[in-house]
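Colleague: Numbering-wise, the numbering used here puts 87 at position 87 of the sequence shown, and it's gapless, one number per residue.
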Amino acid sequence: MTLVESTLAQEGPYQASKWLAVQVLLSADEMCSLVETLGPGLEIFSGSEMTPRGSAAEPTTRFLDSYREYVSALAAGEVPVESTHRAMFSTMWTLDPACLYVLPIDGQRQLIKPRRPVVQLQPHSIGYSSVDGRLRPMVAGPDSITWGVQFSFPQIYQDSKYQVYKVDDPELFPNVKLFKSIQRWLRHASQPTAFEVQGQRICVPMRIGKGCVEWMHQHPQLQAKGIRVIV
1 MTLVESTLAQ
11 EGPYQASKWL
21 AVQVLLSADE
31 MCSLVETLGP
41 GLEIFSGSEM
51 TPRGSAAEPT
61 TRFLDSYREY
71 VSALAAGEVP
81 VESTHRAMFS
91 TMWTLDPACL
101 YVLPIDGQRQ
111 LIKPRRPVVQ
121 LQPHSIGYSS
131 VDGRLRPMVA
141 GPDSITWGVQ
151 FSFPQIYQDS
161 KYQVYKVDDP
171 ELFPNVKLFK
181 SIQRWLRHAS
191 QPTAFEVQGQ
201 RICVPMRIGK
211 GCVEWMHQHP
221 QLQAKGIRVI
231 V
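Below is the structure:
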C-alpha cells in the first residue's frame, strides 16, 4: 500500500504517552517465528532515517537478515557492529499503513511518520551500576550491554484535533491487536532474565528467548563485566 503524503502542519505533532514496553533478546529463529506468527499483514517501516521518495515498507526478510547477523555476532563472542543493524532495529510495525504518512523532505528524500499509534521498535541495551548493583533497561553508552530490542506501544493518544483517546479499541487503533500478539507470543517463548553479578542474583523484567541460552555465555559484554545469565 502506498502511504499518503502530508505535512507537519496538516498532521500536527504525534502525541502519545504512557508507553508499555518489553525488552527482549531472542535467537534468530525465535525472531523469525515471531514475525511469522504476526502474519502477512505485518508491515515494517523505517522510523529513524530518510528514505528515497516513493519507497514504502521494508521487506520483513531484510529485518530478519539484520537480526540474524546481530545474533550471530553475539553467539560468536563478538560485539555487533551497531551501524549494521541500527536502521532495521529503529522501525515502526503496523497492521494498517494508514497509521503512517510520508513527509517529503525534498525531491529525492522522505521521512515516514506516525499519525496514529504503531508498535515502535528500538535497539535495546542494559546498563549496570556497581554503585547500587542494579541493571537498568534502555541505557545507551560505551559501557552498556546490548540486549536485543525493545517493543513499545502507547496507552494514551491525542489526535490533531486535540481529542484524547485511551488506546484500547482495536477498531480505532488496529495496532492494539499487534502489540497484544507480540506480548502474548513473548510470554510463551521467552522468560524474565536472572543474572549473577559478583555472586549476587539479580532478576530483571528484560526477557531472554529460550533459544539464546546455549550461547549466552559467549556474550562478550557480559564476559567483560563478569556477569552471567542464570538458567
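Quick reminder that beta carbons are idealized off the backbone N, C-alpha and C, glycines included.
Given the structure is predicted, the values throughout are model-derived calculations rather than measurements.
Tyr128 lies in the beta strand (DSSP E); which residues open and close that run?
Modeller: Tyr128 -> beta strand (DSSP E) spans Val119 to Ser129.
Colleague: Would Phe63 and Leu135 be called neighbours here (beta carbons separated by less than 8 angstroms)?
Modeller: no
Colleague: What first and last residue would you give for the alpha helix (DSSP H) that runs through Glu196?
Modeller: From DSSP, Glu196 is part of no alpha helix (DSSP H) but of the beta strand (DSSP E) over Ser190 to Val197.
Colleague: Note down, one range per segment and in chain order, each beta strand (DSSP E) of at least 3 residues found wholly within the region 64-104.
Modeller: 91-94 and 100-104
Colleague: Are the Cβ atoms of Val71 and Ser130 separated by less than 8 angstroms?
Modeller: Between Val71 and Ser130, the gap from beta carbon to beta carbon reaches 8 angstroms or more.
Colleague: Mind reading off the beta-carbon distance from Ala16 to Gln150? Whole number of angstroms is fine, and I expect it under 8 angstroms.
Modeller: Contact flag wrong, Cβ pair sits at about 15 angstroms.
Colleague: Can you give me the C-alpha to C-alpha distance between Lys177 and His124, rounded to a whole angstrom?
Modeller: About 23 angstroms.
Colleague: Identify whether Phe173 lies in helix, strand or coil by the three-state DSSP scheme.
Modeller: coil
Colleague: What are the start and end residues of the beta strand (DSSP E) that includes Lys225?
Modeller: Premise fails: Lys225 lies in the alpha helix (DSSP H), Pro220 to Lys225, not in any beta strand (DSSP E).
Colleague: Out of Gln155, Phe173 and Cys203, which has the shortest C-alpha to C-alpha gap to Trp19?
Modeller: Gln155
Colleague: For a test of the three-state rule: what should DSSP assign to Leu25, helix, strand or coil?
Modeller: Three-state DSSP puts Leu25 in a strand.
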